[in-house]
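Numbering (full-length UniProt numbering), first residue to last: 1 to 132. Where is the CB? At the ideal position from N, CA and C, for every residue including glycine. A short write-up of the structure that comes next.
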Amino acid sequence: MKIEHLGIAVKDLGLSNDLFEKLLGKAPYKEEVVESEGVKTSFFEVGESKIELVGSEKNDSAIEKYLEKNREGIHHIAFGVDNIEEEIERLKNQGFTFINETPKLGADNKRIVFLHPKTTNGVLVELCEDVK
């Protein structure tokens, strides 16, 4: 398991892209819309990890609801795993609960699940596996 990326919730993806391009000295390597989640994303490589900027594409998306209650900022931490099903079972056996136990297609060609923050000290944790 490794830190795959940090997800940052943003209100304006264009302005945030400009800010991170200036900060990191490079453009995002990927931008995409994830229809199933109602979000648009940009990914920046930072060493062996990444930063994902996440903005709302739909008024009722989870990110839109998050931004209505919270400020822009770190939204989740994502861990890359080799076998997502094995990690789900291992973590369930340790007492963790999930927002979704069935992996779904996420951004950046990943299969993803989210652990419920009630079992991770309030931190939204994502597990992601490269689509093979």
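Check: Spatial neighbours of E48 within its chain, please: CB distance less than 8 Å, with the 5 preceding and 5 following residues excluded, ordered by chain position.; Outcome: K2
Check: With a threshold of 16 other CB atoms inside 10 Å of the CB of H5, please say whether the residue is buried or exposed.; Outcome: buried
Check: Give the range of the beta strand (DSSP E) segment to which L115 is assigned.; Outcome: K110 to L115
Check: Let me check understanding here. Comparing Cα to Cα, which of I77, E72 and G55 lies closest to I112?; Outcome: I77
Check: Nearest CA to the CA of D108: which residue from E35, T97, K118 and L91?; Outcome: E35
Check: In chain order, which beta strand (DSSP E) runs of at least 3 residues are fully inside the segment 30 to 92?; Outcome: 30 to 34, 39 to 46, 49 to 56 and 73 to 80
Check: What is the DSSP secondary structure of G7, reduced to helix, strand or coil?; Outcome: strand
Check: For the beta strand (DSSP E) that E129 lies in, which residues bound it at each end?; Outcome: V125 to D130
Check: Count the other CB atoms, across all protein chains shown, that sit within 10 Å of the CB of E126; report buried if there are 16 or more and exposed otherwise.; Outcome: buried
Check: With burial defined as no fewer than 16 other Cβ atoms inside 10 Å of the residue's Cβ, what is the status of K104: buried or exposed?; Outcome: exposed
Check: Report, in whole angstroms, the separation of the C-beta atoms of G55 and L13, which I expect to be a contact under 8 Å.; Outcome: 4 Å
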